Amino acid sequence: GTKVCNSIKDLKDNLIFLRSNVGKILQKYDLEFLAVSTHPFSDWGTQKHTQKKRYFNLADKFQIVGRRLVISGMHIHVGIPDNELKIDLMNQISYFLPHLLALSTSSPFWRGELTGLKSYRVSIFDELPRTGLPEQFDSYDEYKRHVKILLNSGILDDPSTIWWDLRPNVKFPTLEMRICDTCTSLNDAISIAALYLCIIHMACRLRRENKRWRIYSKMLINENRWRAQRYGIEKSLVDFGKSKLVSYNKLADELIDLVKKDAKILNCESEVKKIKNICKVGT
Numbered sequence: 010g011t012k013v014c015n016s017i018k019d020l021k022d023n024l025i026f027l028r029s030n031v032g033k034i035l036q037k038y039d040l041e042f043l044a045v046s047t048h049p050f051s052d053w054g055t056q057k058h059t060q061k062k063r064y065f066n067l068a069d070k071f072q073i074v075g076r077r078l079v080i081s082g083m084h085i086h087v088g089i090p091d092n093e094l095k096i097d098l099m100n101q102i103s104y105f106l107p108h109l110l111a112l113s114t115s116s117p118f119w120r121g122e123l124t125g126l127k128s129y130r131v132s133i134f135d136e137l138p139r140t141g142l143p144e145q146f147d148s149y150d151e152y153k154r155h156v157k158i159l160l161n162s163g164i165l166d167d168p169s170t171i172w173w174d175l176r177p178n179v180k181f182p183t184l185e186m187r188i189c190d191t192c193t194s195l196n197d198a199i200s201i202a203a204l205y206l207c208i209i210h211m212a213c214r215l216r217r218e219n220k221r222w223r224i225y226s227k228m229l230i231n232e233n234r235w236r237a238q239r240y241g242i243e244k245s246l247v248d249f250g251k252s253k254l255v256s257y258n259k260l261a262d263e264l265i266d267l268v269k270k271d272a273k274i275l276n277c278e279s280e281v282k283k284i285k286n287i288c289k290v291g292t
C-alpha cells in the first residue's frame, strides 16, 4: 500500500513510484505485472497461499471458499478521526458504492473462461461471511455492540475480519472503501480515489449545512451493486429517486456535477473529470 498521502497529487506520485519499482524488480526475473482483480487463466487449485498464520487460519476456517481467493482488490482509506462521523458517513455513502465499483471493474476472466461478469472478483469474495454492503447503524456504540457479540462468541478473531465493501478500519482512523477491483490503469485508480474523497467531502459539507444524503435500503443498493458487477459502466444503474434506469454515462456527468465544489476545494477537478474518460474507453 501507499504511505499516508495529503493530496491526490501525493497519492499519484506514490503510486507511480510503487508501480515503477515493482516493474523494475520483476524485470530481473523476466516477468511483467498485471494490475487486475483476477488472473485471466491461472487455476486457484494449484496456488499456494502465503506461509503466514493468518492465511493458514483462513484456509482452515473457510476451506474451499478460502482457497479460491486468488483475487485482489483496491482499498482506499480516507482519514476520519471522529467515530460517530465515520458511522454516519458509512450509512450515507453506501449509496455510491456501486458507482465506484462500475468504474473499476477488471475481473471478467476466471480460470481462462470469460465469465460474462465485469467483476467476477465480487462473486468470489461474496462467498465469505461478513462481506457485501455494510449494515446501517444509528451510532458508533451500536456498531461496537454488534462487533462485541461476534468477538465474545468467538466468531471473530478480531474486527478486521469484517470485510464489508465500506467499513471503519480498526487499525487506522479511516473509512475504508473496499468494493473496487484493482484498476489496470493507474490514472483510473487515481480518478476513483479522487471521486471517493470528494463524495466524503460532499457528505461532510452537507452535514455542516444541516443536510444529509438520503439513506437507501440495502435491498435497493444491492440491485445497483449487482448491475455494476454484471455490466460495469456499459449499461445503467437505478436512480432510486426517479425509479428508473439511467445510463452510467449520464450518471458520471451527475457525479462530476455533484462533487464539483468539493473537487475544487481539494484541488482534484481534473482527476474527477477523468471518470468520463473511463466511460469512453472502458475499464
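First residue of the sequence shown: 10, per the numbering used here; consecutive thereafter.
Using N, Cα and C, we set each Cβ at its ideal position, and we do this for glycine too.
Note that the coordinates shown come from a computational prediction; the quantities given were computed from them, not determined experimentally.
**Report entry** Cβ-based neighbour list, Thr140, same chain, cut-off 8 Å, excluding 5 preceding and 5 following
**Finding:** Phe134, Trp172, Trp173 and Asp174
Requested in this report: Evaluate Arg223 with the Cβ neighbour count: other Cβ atoms within 10 Å of its Cβ, from every protein chain shown; 16 or more gives buried, anything less gives exposed.
Outcome: exposed
Query raised in the report: Where DSSP assigns a beta bridge to His86, which residues make up the other side?
Result: Glu185
Query raised in the report: Rounded to a whole number of angstroms, what is the C-alpha to C-alpha distance between Thr183 and Ser256?
Result: 32 Å
Query raised in the report: Distance, Cα to Cα, Lys21 vs His84?
Result: 15 Å
**Report entry** Host alpha helix (DSSP H) of Val255 (start-end)
**Finding:** First-last for Val255: Lys253 to Ser256, but that is the beta strand (DSSP E), not the alpha helix (DSSP H).
Query - Three-state class that DSSP yields for Pro107 in the structure shown - result: helix
Query raised in the report: Is Met186 buried or exposed, if buried means 16 or more other CB atoms sit within 10 Å of its CB?
Result: buried
Requested in this report: Run the CB neighbour count on Arg217, radius 10 Å, all protein chains shown included, and call it buried at 16 or more, exposed below.
Outcome: exposed
Report task. Compute the Euclidean distance between the alpha carbons of Ser46 and Glu151, then round it to the nearest angstrom. Result -> 33 Å
**Report entry** Proximal residues to Glu263 (C-beta, below 7 Å), its chain only, five neighbours per side dropped
**Finding:** none
Report task. Just list the beta strand (DSSP E) runs in the stretch 122–194, keeping only unbroken ones of 3 residues or longer that don't cross its boundaries, in chain order. Result -> 175–177 and 183–190
Query - Pairwise C-alpha distance: Glu144 and Val31 - result: 37 Å
Query raised in the report: Going along the chain, which residues of its own chain have a beta-carbon closer than 7 Å to the beta-carbon of Asp271, five neighbours each way excluded?
Result: Cys207, His210, Met211 and Arg214
Query raised in the report: Is the number of C-beta pairs between the stretch 188–199 and the stretch 65–78 that are closer than 8 Å three or more?
Result: no
Query raised in the report: Once you ignore the five residues that flank Ala203 on each side, which residues in its own chain have a CB closer than 6 Å to its CB?
Result: Ile17, Cys277, Glu280 and Val281
Requested in this report: Within 10 angstroms of the Cβ of Asn219, are there 16 or more other Cβ atoms? Answer buried if so, exposed if not.
Outcome: exposed
Query raised in the report: Secondary structure at Phe50, three-state DSSP: helix, strand or coil?
Result: coil
Requested in this report: Please report how far the alpha carbon of Asp248 lies from the alpha carbon of Tyr240, in whole angstroms.
Outcome: 16 Å
Requested in this report: Thinking Val142 and Asn231 are a contact (beta carbons under 8 Å), I'd like their distance in whole angstroms, please.
Outcome: First, the amino acid is wrong: residue 142 is Leu here, not Val. Yes, Leu142 and Asn231 are in contact; Cβ-Cβ is about 6 Å, under 8 Å.
Query raised in the report: Which residue from Gly10, Thr11 and Asp19 puts its Cα closest to that of Leu275?
Result: Asp19
Requested in this report: Report all residues from its chain with a CB closer than 8 Å to the CB of Val156; omit the five preceding and five following residues, and keep chain order.
Outcome: Leu165, Pro168 and Ile171
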